[in-house]
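Step one of this worksheet: look at the structure below.
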Amino acid sequence: MEQRPTRVRIVDAARDLMRTAGLARTTTKEIAKAAGCSEAALYKYFASKEELFLTVLSERLPQLGGLLGTLAADPGGRTVEENLTEVARHAARFYEQTFAVLASLYAEPQLKQRHDEAMRTYGSGPHKPIEGLAAYLRAEQRHGRIAADADPMAAASLLLGACAQRAFAWEATPDRRPPDSLDDFASAVARTLLRGLS
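Structure below.
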């Protein structure tokens, strides 16, 4: 049986450890051990834990950035409501899977500061999806499919904020599950937001 490539093992191990222990508590030493390689081998592929985290986000979690970029470049085809529903579905899944990873950062201010600095260096951060969704909504404005006086940045913040809040709010309940399905939530959020944009 052929063993998976070292880089794949590292990214998978990082994803699993970050999801269970959080980003703050996961060390490169633990990731390397779980991947069955040395810490030096890990650094052969990744310059830092932050770069590895970004790789986990882009390769192992639901993709949000790619969807938003595609919609901003070509918003046609489906209705605005269908597009916003798809964004909400992806965003809710993304935040649900990253909430535990990122929550631990807020308990350690110095680590969060280092993480934020690294995200700026890599041109990434939690504001990027908001900017991407706002760009899509501006494209829809140019096509006349949403009101000219609508505020794309505010609308993007509302939709993505609702998706992030869904991951946060229901985590503390006994079932750790929202009362509605992901599809019902996504369509309700999109429909409600669209009323304000129309």
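Using the working numbering, the first residue of the sequence shown is number 141, and each one after it goes up by one.
Idealized CB from N, CA, C, for every residue including glycine.
- Cβ neighbours of LEU204 within its own chain (closer than 7 Å, five residues either side excluded): HIS230, ALA231, PHE234 and PRO269.
- Nearest Cα to ALA288 within the set ALA274, LEU300, ARG316 and LEU337: LEU337.
- Contact annotation: the region 296-305 touches the region 217-229, with at least three C-beta pairs closer than 8 Å.
- As the crow flies, the alpha-carbon of ALA181 is around 9 Å from that of ILE150.
- Take ARG316, set aside five residues on each side of it, and the residues of its chain with a beta-carbon closer than 8 Å to its own are TRP310, in chain order.
- Annotation for PRO215: no alpha helix (DSSP H) segment contains it, and DSSP assigns it neither H nor E.
- Note on LYS184: under 16 other CB atoms within 10 angstroms of its CB, so exposed under the neighbour-count rule.
- In the three-state reduction of the DSSP assignment, PRO269 falls in the helix class.
- Assigned with DSSP and collapsed to three states, ALA287 falls in coil, not helix or strand.
- Across the structure, GLY162 and VAL196 are spaced so that their CA atoms are roughly 13 Å apart.
- Taking one beta carbon from each stretch, the region 273-286 and the region 213-227 have 3 or more pairs nearer than 8 Å; the two touch.
- Taking C-alpha positions only, ALA296 is separated from ARG165 by approximately 31 Å.
- Contact annotation, LYS189 with THR160: C-beta distance approximately 16 Å; criterion of less than 8 Å not satisfied.
- With 16 or more other Cβ atoms inside 10 Å of its own Cβ, VAL329 counts as buried.
- Here DSSP, grouped into helix, strand and coil, assigns GLU248 to coil.
- Annotation: the region 288-324 contains the following complete segments of the alpha helix (DSSP H) (minimum length 4 residues), in chain order: 292-311.
- The continuous alpha helix (DSSP H) containing PHE234 extends over residues 220-243.
- Spanning the alpha carbons of ALA279 and SER198 requires a straight line of approximately 24 Å.
- Listed in chain order, the non-local C-beta contacts of SER178 below 8 Å within the same chain comprise ALA172, local neighbours out to five positions each way being set aside.
- In the three-state scheme derived from DSSP, where H, G and I count as helix and E and B as strand, GLN253 is classed as helix.
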